[in-house]
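Undergrad: Below are the structure tokens for one structure; questions will follow.
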Amino acid sequence: MVAARTREVEISGIRKMFEAAPPGAINLGLGEPDFEPPPRVLTALCEAVRNGHNHYGPSAGLPELREKIAERYRDRDPSTGRENVIVTGSASEGLMATALALYDPGDEVLVPNPGFVLYGPQARLVGAVPVPYSLPESRGHLPDVAELESLVSSRTRAIVVNSPANPTGAVLPKSLVDRIVALADRHELTIVSDEVYEGIVYDGPAASFWGRSDRVVVVQSFSKMLAATGWRIGYLVASRPLAVELNKIHYHVMACPSTPAQVAVLAGLDAPTPGPAMLREFARRRELVVKLLRGIPGVSCVPPAGAFYAFPRYSWPLASGEVAGALLARGVITTPGDAFGSLGASHLRISFAASRPSIRRGLAIFRELGASLDGGRAA
Ligand SMILES: Cc1ncc(COP(=O)(O)O)c(C=O)c1O
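Right under this line is the structure:
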């Protein structure tokens, strides 16, 4: 028999789609860049393993990597040092360690709806209550600060923000970042800012929350930045007292992050991340995806300002799992919008971490499916 929390937590909708996919399917479901890590990073990993970096390291990460990461945040807060940085075994682990370190049972946490699949379940796993705030298409998938204010109660402990966002691709404008910081300050909330898509932007930079308040935890990852999702390596940036507490929990979750992966990613931080070639290609695909989606009758789409997802809405009276299922039966993997929360209903997440020919073929099939939908039933 397992614990109640284990019975209650669900398998992510993203994983379910993957596991049901036929071989050779066109994959517009991927949440990872279809690129390889930069050559110097690959070489550094091989050399690290051959040169004996195969053992436990410090729980908070190698000092030289923490220092290099801290340097990247000094433009936002010149006092940022290695003590502010905890190297984690991915953003997923960083988010879980943050939830364990911050939330008591019964605490409330404001989470985006639609939003990345871990925020709500991780809050629940530690006994906290996720309180969704809305990111509807009608507002360009941006939060309404008056709504956030109305959701704050005496139990609210934190607000989770994610810009650029998965699944919507929305980027918070600086003015909204300012207002969210002011709201968090007024109510003494911690801001958990998931910035894993920082740098994957199309209409100008995304404003970071770092340096805006003492109660900020930045969650980052090398997964998207270096196209190294399988290496499971990321980091947290927090105030020094909070970093000490986060490190205690992080130690109990995984002892220390992978030593060779740390040596390798360190070699990647001398160049801009993500690399310009990957960014140029994502920008071309973004134009293509938006154009093709907007050409499908019954489909609307806010152009994503960042990340590599479009989040189109369709007007057929079908659940997003039915539309994604009908596409899967035609050999195209997408992710049903409601895997990301109730406001993902009538949406699909289309990842453009796929080649342009795959995007063209996949969206042509989506277009055919749209044309065949009659009286609200998938043909
Ligand atoms: C918004 C967001 N946060 C965190 C993660 C997890 O990243 P990692 O591979 O570092 O666990 C993802 C992965 O898709 C994501 O989209």
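Start counting the sequence shown at 5; every next residue gets the next number (the numbering used here).
Just so you know, even glycine gets a beta-carbon here, dropped at the ideal spot from N, CA and C.
Kindly indicate which residue of L106, P109 and A127 has the alpha-carbon position closest to the one of V115.
TA: Residue numbering aside, residue 115 sits at position 111 when the sequence shown is read from its first letter. Among L106, P109 and A127, the Cα nearest to that of V115 is on A127.
Undergrad: Just to confirm, is the Cβ distance from P37 to A231 under 8 angstroms?
TA: Taking the sequence shown and counting its residues from 1, one reaches residue 37 at position 33. Taking the sequence shown and counting its residues from 1, one reaches residue 231 at position 227. Going by C-beta atoms, P37 is nearer than 8 angstroms to A231.
Undergrad: With DSSP as the reference, label S158 as helix, strand or coil.
TA: Within the sequence shown, the letter at position 154 stands for residue 158. Coil.
Undergrad: Helix, strand or coil: which one does DSSP assign to V2?
TA: Any property of residue 2 remains undetermined from this structure, which presents the chain solely from 5 to 383.
Undergrad: Helix, strand or coil: which one does DSSP assign to A259?
TA: On the sequence shown, residue 259 is found 255 positions in, with the first residue counted as 1. Note: A259 maps to coil in three-state DSSP.
Undergrad: Do A103 and G85 count as a contact pair if the criterion is CB distance below 8 angstroms?
TA: What you label residue 85 is simply residue 81 of the sequence shown in a count that begins at 1. What you label residue 103 is simply residue 99 of the sequence shown in a count that begins at 1. Contact flag unset, no.
Undergrad: Determine whether the beta carbon atoms of A394 and V269 lie at a separation below 8 angstroms.
TA: This structure does not reach residue 394, given that the chain is present from 5 up to 383, and the question cannot be answered.
Undergrad: Would the segment 326 to 338 count as touching the segment 290 to 301 if we require 3 or more Cβ pairs under 8 angstroms?
TA: In short, these stretches do not touch, since the Cβ pair count stays below three.
Undergrad: Leaving out the 5 sequence neighbours to the left and right, which residues in its chain are closer than 8 angstroms to R11 when beta-carbon positions are compared?
TA: Locating residue 11 in the sequence shown gives position 7, where the first residue counts as 1. Cβ within range, chain order: n/a, list empty.
Undergrad: Whose C-beta lies closer than 7 angstroms to the C-beta of A96 among residues of the same chain, with five residues either side of it excluded?
TA: Here residue 96 refers to the residue found at position 92 when the sequence shown is read from its first residue. A small correction: the amino acid at residue 96 is Ser; Ala does not occupy that position in the sequence shown. Correct list, in chain order: L122.
Undergrad: Going by beta carbon distance, what residues of the same chain come within less than 6 angstroms of E285, once the five residues before and after it are set aside?
TA: As a working mapping, residue 285 is identified with position 281 in the sequence shown. The answer is none, since no qualifying residue turns up.
Undergrad: Anyone know if the C-beta pair for G329 and P118 falls short of 8 angstroms?
TA: In the sequence shown, residue 329 corresponds to position 325, counting from 1. In the sequence shown, residue 118 corresponds to position 114, counting from 1. Against a cut-off of 8 angstroms, the Cβ pair of P118 and G329 comes out as no contact.
Undergrad: Using only Cβ atoms and a threshold of 6 angstroms, which residues come within that distance of a heavy atom of ligand 1? Order them by chain position.
TA: Every residue passing the under-6 angstroms Cβ criterion appears here: G35, S94, A95, S96, F120, N166, N170, D198, V200, S225, S227, T233 and G238.
Undergrad: Which of helix, strand or coil does DSSP assign to S227?
TA: Here residue 227 is taken as the residue at index 223 of the sequence shown, counted from 1. S227: helix per DSSP, three-state reduction.
Undergrad: Apart from the five residues just before and just after R216, which ones in its own chain have a Cβ nearer than 6 angstroms to its Cβ?
TA: Against the sequence shown, residue 216 aligns to sequence position 212. Once the five neighbours on either side are set aside, the close Cβ partners of R216 are V185.
Undergrad: Out of curiosity, what's the CA-to-CA distance linking K20 and A323?
TA: Locating residue 20 in the sequence shown gives position 16, where the first residue counts as 1. Locating residue 323 in the sequence shown gives position 319, where the first residue counts as 1. In a straight line, the C-alpha of K20 is about 16 angstroms away from that of A323.
Undergrad: Which residues mark the beginning and the end of the beta strand (DSSP E) in which R219 is found?
TA: As a first step, residue 219 is located in the sequence shown; it is residue number 215 there, counting from the start. R219 -> no beta strand (DSSP E), and no H or E assigned at all.
Undergrad: With respect to the alpha helix (DSSP H) encompassing S96, which residues constitute its N-terminal and C-terminal limits?
TA: Indexing the sequence shown from 1 puts residue 96 at position 92. Where S96 is concerned, the enclosing alpha helix (DSSP H) stretches over A95 to L106.
Undergrad: Could you please give the first and the last residue of the uninterrupted beta strand (DSSP E) stretch that includes L240?
TA: In the sequence shown, counting from the first residue as 1, residue 240 sits at position 236. That run of the beta strand (DSSP E) goes G238 to A242.
Undergrad: Please classify H256 as buried or exposed, where buried requires at least 16 other C-beta atoms within 10 Å of its C-beta.
TA: Numbered from its first residue, the sequence shown carries residue 256 at position 252. By the 10 Å Cβ count, H256 comes out exposed.
Undergrad: Can you tell which of I300, R159, H145 and Y137 has its C-alpha closest to the C-alpha of D111?
TA: Along the sequence shown, one-based indexing puts residue 111 at 107. Comparing Cα-Cα distances from D111 to each of I300, R159, H145 and Y137, the minimum goes to R159.
Undergrad: How would you write the range of the beta strand (DSSP E) that E112 sits in, first residue to last?
TA: In the sequence shown, counting from the first residue as 1, residue 112 sits at position 108. E112 -> beta strand (DSSP E) spans E112 to N117.
Undergrad: How long is the line joining the alpha carbons of G279 and S157, rounded to whole angstroms?
TA: If you number the sequence shown from 1, residue 279 lands on position 275. If you number the sequence shown from 1, residue 157 lands on position 153. Approximately 42 angstroms between the Cα atoms of the pair.
Undergrad: For R44, which option in L373, A64, A265 and L331 has the closest C-alpha, if you only look at C-alpha atoms?
TA: Along the sequence shown, read from residue 1 onward, the residue named residue 44 stands at position 40. Cα-wise, what sits closest to R44 is A265.
Undergrad: I'd like to check one pair, G144 with Y313: are the Cβ atoms closer than 8 angstroms?
TA: Stepping through the sequence shown from its first residue, residue 313 is reached at position 309. Stepping through the sequence shown from its first residue, residue 144 is reached at position 140. No, the Cβ-Cβ distance between Y313 and G144 is not below 8 angstroms.
Undergrad: In whole angstroms, what is the alpha-carbon distance linking N251 and P67?
TA: As a first step, residue 251 is located in the sequence shown; it is residue number 247 there, counting from the start. As a first step, residue 67 is located in the sequence shown; it is residue number 63 there, counting from the start. Spanning the two alpha carbons is a distance of roughly 14 angstroms.
Undergrad: Mind checking which residues open and close the beta strand (DSSP E) that includes V196?
TA: For the purposes of this step, residue 196 is identified with residue 192 of the sequence shown, where counting begins at 1. Segment T194 to D198, the beta strand (DSSP E) holding V196.
Undergrad: According to DSSP, simplified to helix, strand and coil, what is V45?
TA: Reading the sequence shown from its first residue, position 41 is the one you call residue 45. The answer is helix: DSSP assigns V45 an H, G or I state.
Undergrad: Can you tell me whether M5 is buried or exposed? The criterion is at least 16 other CB atoms within 10 Å of its CB, across all chains shown.
TA: Counting from 1 along the sequence shown, the entry for residue 5 is found at position 1. Label assigned to M5: exposed.
Undergrad: To the nearest angstrom, how far is it from the Cα of N58 to the Cα of K72?
TA: Within the sequence shown, numbered from 1, the residue matching residue 58 stands at position 54. Within the sequence shown, numbered from 1, the residue matching residue 72 stands at position 68. Spanning the two alpha carbons is a distance of roughly 21 angstroms.
Undergrad: Please name the residue in P147, L187 and S138 whose C-alpha comes closest to that of V175.
TA: Your numbering for residue 175 matches position 171 in the sequence shown. For V175, the nearest C-alpha among the options comes from P147.
Undergrad: Which runs of the alpha helix (DSSP H) fall wholly inside the segment 24 to 72 and span at least 4 residues, in chain order?
TA: Counting only runs of 4 or more, we get 43 to 54.
Undergrad: Judging by CA-CA distance, which residue of G302, V196 and H191 is the nearest neighbour of Y239?
TA: Residue numbering aside, residue 239 sits at position 235 when the sequence shown is read from its first letter. That would be V196, whose Cα lies nearest to the Cα of Y239.
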